[in-house]
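S.K.:
Numbering (the numbering used here), first residue to last: 14 to 196.
1) Considering only C-alpha positions, which residue in the set 182, 191, 171 is nearest to residue 221?
2) Going by DSSP in three states, residue 114 sits in which element: helix, strand or coil?
3) Just the C-alpha distance for residue 192 and residue 79, rounded to the nearest angstrom, thanks.
4) May I have the straight-line CA-CA distance separating residue 104 from residue 188, to the nearest angstrom?
5) Which of the three DSSP states, helix, strand or coil, is assigned to residue 74?
6) DSSP three-state call for residue 108: helix, strand or coil?
7) Under a three-way DSSP split, which group does residue 95 fall into?
8) Mapping the DSSP letters down to three states, classify residue 167 as helix, strand or coil.
9) Can you give me the Cβ contacts of residue 141 inside the same chain, cut-off strictly under 8 Å, excluding the 5 residues immediately before and after it?
10) Kindly indicate the opening and closing residues of the alpha helix (DSSP H) around residue 137.
11) Alpha carbon to alpha carbon, what distance is there between residue 93 and residue 70?
12) Just to confirm my understanding: we take residue 108, look at its own chain, exclude 5 residues before and 5 after, and list those with CB closer than 6 Å. What are they?
13) Between which two residues does the beta strand (DSSP E) carrying residue 177 extend?
14) Buried or exposed: where does residue 153 fall if 16 or more other Cβ atoms within 10 Å of its Cβ makes it buried?
15) Can you look up residue 183 in the DSSP assignment and give me helix, strand or coil?
16) Grouping DSSP H, G and I as helix and E and B as strand, with all else coil, what is residue 190?
17) Answer yes or no: do residue 150 and residue 134 have a C-beta to C-beta separation smaller than 8 Å?
18) Measuring straight from C-alpha to C-alpha, what distance separates residue 81 and residue 124?
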């Protein structure tokens, strides 16, 4: 069964690569994980196709994430934080190059708009209190879209390459930890 799935994924990737045109000038923006002059970190345009192995989507984001705790309660919600955590724990978040899943929100062939190496103020701008982090921490932001010209459907925030934050059930903000592959 694993071989069949592997073969199908390979065939789909070859078809995707064959259908995509080369994005000119992309090597200029992929090498920076922040700005050399200390300014605004680079924003990768959503029309740039993110290929497997590319550094446009931080590799640390790719994989399965399980809800660990409620990081921040919603200001107003009909769902208690503990109840929301149970729901989040049952589904988690899966991020890869061909799909994005978060509690029933499934997006095939997602388009990611990525900001790499932002400062902690990016959390404040999103309405997330950065109290648990220091000013020296960095945030990689990935907004998930259905298409290049669409609006973001979900956004996840990876702090220091290890702690994933996302809005989830009941509008609460949850922390997620990477799920280690077994076998």
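Note that the Cβ used here is the ideal one computed from N, Cα and C, for glycine as well. On a predicted model such as this, the values are computed, not experimentally measured, just so you know.
M.R.: Concretely, from the data shown:
1) One cannot answer for residue 221 here, as it falls past the ends of the chain, which runs 14 to 196.
2) Three-state DSSP puts residue 114 in a strand.
3) Taken atom to atom, the span from the alpha-carbon of residue 192 to that of residue 79 is near 6 Å.
4) One alpha carbon belongs to residue 104, the other to residue 188, and they sit about 14 Å apart.
5) Three-state result, residue 74: helix.
6) Assignment of residue 108 by DSSP, reduced to helix, strand and coil, places it in the strand class.
7) Residue 95 falls in the helix class under three-state DSSP.
8) Residue state, collapsed to three classes: strand.
9) Closer than 8 Å at the Cβ level, and outside the excluded window around residue 141, lie 84, 85, 170, 178, 186.
10) Run containing residue 137: 134-138, per the alpha helix (DSSP H) assignment.
11) Distance between the alpha carbons of residue 70 and residue 93 is about 33 Å.
12) Exclusion of the five residues before and after residue 108 leaves 74, 75 as the residues of its chain whose Cβ lies within less than 6 Å of its Cβ.
13) Boundaries of the beta strand (DSSP E) around residue 177: 176-180.
14) In this structure residue 153 is buried. Its beta-carbon is surrounded by 16 or more other beta-carbon atoms within 10 angstroms.
15) Three-state DSSP puts residue 183 in a helix.
16) Correct three-state label for residue 190: strand.
17) Against a cut-off of 8 Å, the Cβ pair of residue 134 and residue 150 comes out as no contact.
18) Rounded to whole angstroms, residue 81 to residue 124 spans 26 Å at the Cα level.
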